[in-house]
Amino acid sequence: MSACVETMFYVREKPWHGLGVQVMDAPTSHDALILAGLDWQVEQHSVYTSAGDRIPGYKANTRSSDHATLGIVTDRYQVVQNSDAFKFTDDLLGEGVTYETAGSLQGGRKVWLLARMPEKYIIAGDEIAPYLVVLNSHDGSSGVKVAMTPIRVVCQNTLNLALGQAKRIWSTRHTENVMSRVQEARDTILMANDYMRELGKEVHTLTGIKLSDRKVMEFMNEFFPVTEDMTDAQKRNNKRLLDDLKLRYFEAPDLDHVGKNGWRFVNAVSDFATHAEPIRRTKNYNENLFLRTAEGNPLIDRAYKMVLAAA
Numbered sequence: 001m002s003a004c005v006e007t008m009f010y011v012r013e014k015p016w017h018g019l020g021v022q023v024m025d026a027p028t029s030h031d032a033l034i035l036a037g038l039d040w041q042v043e044q045h046s047v048y049t050s051a052g053d054r055i056p057g058y059k060a061n062t063r064s065s066d067h068a069t070l071g072i073v074t075d076r077y078q079v080v081q082n083s084d085a086f087k088f089t090d091d092l093l094g095e096g097v098t099y100e101t102a103g104s105l106q107g108g109r110k111v112w113l114l115a116r117m118p119e120k121y122i123i124a125g126d127e128i129a130p131y132l133v134v135l136n137s138h139d140g141s142s143g144v145k146v147a148m149t150p151i152r153v154v155c156q157n158t159l160n161l162a163l164g165q166a167k168r169i170w171s172t173r174h175t176e177n178v179m180s181r182v183q184e185a186r187d188t189i190l191m192a193n194d195y196m197r198e199l200g201k202e203v204h205t206l207t208g209i210k211l212s213d214r215k216v217m218e219f220m221n222e223f224f225p226v227t228e229d230m231t232d233a234q235k236r237n238n239k240r241l242l243d244d245l246k247l248r249y250f251e252a253p254d255l256d257h258v259g260k261n262g263w264r265f266v267n268a269v270s271d272f273a274t275h276a277e278p279i280r281r282t283k284n285y286n287e288n289l290f291l292r293t294a295e296g297n298p299l300i301d302r303a304y305k306m307v308l309a310a311a
């Protein structure tokens, strides 16, 4: 099992890290909490020196299920329990929301949940589904983050491009009452329609930018150059990654109908960024890959900018 993904569940098909308890139907928040192994409380305790003196101004966040220490935080820190995060999401999306996946990372220090939003969008002939991702930490490293991220349904590629003024992320610190800010977060989620409209416009632009095979290879070689000053290992690794990306652009059956254009290239890079096996699987690889579902992937944004610059 991954060193980062501690517990989770997933609906129907395995996510890219291949872990968790499989369920066939997306559960409600109450069931998701249990299936994801998140049915525990964060408890706060005073912090003491090795000599037994209490350290003022600080608390230790611990997990009720095993008393593991999740982090040391200040007195101003307000705990957002896992159940609160689910209630927050229920309140955001309305009664009857169901969850696609949820779980914990790094021994419970970070938790996430992901729910599919009810709207469906058809963009360039593809169904693009908006998902709501909620990220929370219990170690004081970050606040609560709520993000809408669009996913191309046929291949589960993320398409959270950086689109100018179209906002898709909302966050708050642990020094604030997150439950009192549901309306503010809801206003951001309502902007999902604005984001999807902008995405539709940009996809239309990308489909109109025709790319020759030679131009595509120039782009790919910028990502993974193979030059004489490299070591044999570097050349070998970059060639492997380049070959992988070429297959995702030239051979992917789900892109047969797209044509040779910028939209196809961005999708190929997104598929690579979302699903490709890395040269070295670092300790935090799975966590970082999932976090990019919410925060955006620089590789995809770079591809998007490349295409626009070539127009």
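Note that the sequence shown covers residues 1 to 311 in the UniProt record's numbering. We put the beta carbon where it would ideally sit given N, CA and C, even for glycine.
query	result
Only counting runs of 3 or more residues, tell me where the beta strand (DSSP E) segments fall wholly within the stretch 135-185, in order along the chain.	144-152, 169-172
Kindly confirm or deny that the stretch 44-51 and the stretch 127-145 touch, where touching means at least three C-beta pairs closer than 8 Å.	no
Check whether the stretch 115-134 and the stretch 151-170 touch, using three or more Cβ-Cβ pairs below 8 Å as the test.	yes
Should residue 102 and residue 185 be called a contact, given that it needs their Cβ atoms to be closer than 8 Å?	no
Quick check on DSSP: helix, strand or coil for residue 16?	For residue 16, the predicted model reports a pLDDT of 45, less than 50, meaning its position is unreliable; a value from the coordinates is still stated below. DSSP places residue 16 in coil when its eight states are reduced to three.
Could you tell me whether the Cβ atoms of residue 38 and residue 111 are closer together than 8 Å?	yes
Let me confirm a value: residue 1 is counted as buried when at least 16 other C-beta atoms fall within 10 Å, else exposed. Which label applies?	Confidence at residue 1 is low in this model, with a pLDDT of 31, below 50, so its placement is unreliable and no value can be given for it.
In the DSSP assignment, what are the bridge partners of residue 69?	62
On the criterion of 16 or more Cβ atoms from any shown chain inside 10 Å, does residue 29 qualify as buried, or is it exposed?	buried
Within the continuous alpha helix (DSSP H) that includes residue 234, where are the two ends?	232-250
Quick check on the burial criterion: 16 or more other C-beta atoms within 10 angstroms. Buried or exposed for residue 57?	exposed
Using the Cα positions of residue 174 and residue 74, report the straight-line distance between them to the nearest angstrom.	10 Å
Only counting the same chain, and skipping five residues up and downstream in sequence, which positions put a Cβ closer than 7 Å to that of residue 65?	40
How should residue 55 be labelled, buried or exposed, when 16 other C-beta atoms within 10 angstroms of its C-beta is the threshold for buried?	exposed
Between residue 170 and residue 135, what straight-line distance do the alpha-carbon atoms span, to the nearest angstrom?	11 Å
Between 207, 163, 280, which lies nearest to residue 263 when the distance is taken from Cα to Cα?	207
On the CB-based measure, 16 or more other CB atoms within 10 Å of its CB, does residue 259 come out buried or exposed?	exposed
Using the rule of at least 16 other Cβ atoms within 10 Å of the residue's Cβ for burial, across every protein chain shown, is residue 273 buried or exposed?	buried
Applying the criterion that 16 or more other CB atoms from any shown protein chain within 10 Å of the CB defines a buried residue, is residue 59 buried or exposed?	buried
Starting from residue 101, trace the beta strand (DSSP E) in both directions and tell me its first and last residue.	99-105
In this structure, how does DSSP classify residue 120 when only helix, strand and coil are distinguished?	coil
How would you write the range of the alpha helix (DSSP H) that residue 270 sits in, first residue to last?	262-275
Identify whether residue 226 lies in helix, strand or coil by the three-state DSSP scheme.	coil
Three-state secondary structure (DSSP) at residue 55?	strand
Verify whether the separation of the beta carbon atoms of residue 223 and residue 255 is less than 8 Å.	no
Do residue 182 and residue 114 have their C-beta atoms closer together than 8 Å?	no
Does DSSP put residue 3 in a helix, a strand or coil?	Reliability fails at residue 3, whose pLDDT of 40 lies under 50, so the model's placement of it is uncertain and no value is given.
Grab me the residues of residue 323's own chain with a C-beta within less than 6 Å of its C-beta, minus the 5 sequence neighbours each way, in chain order.	The structure shown has nothing for residue 323, since the chain only spans 1 to 311.
Are residue 189 and residue 132 closer than 8 Å when you measure CB to CB?	yes
Can the beta-carbon of residue 268 be found less than 8 Å from the beta-carbon of residue 294?	no
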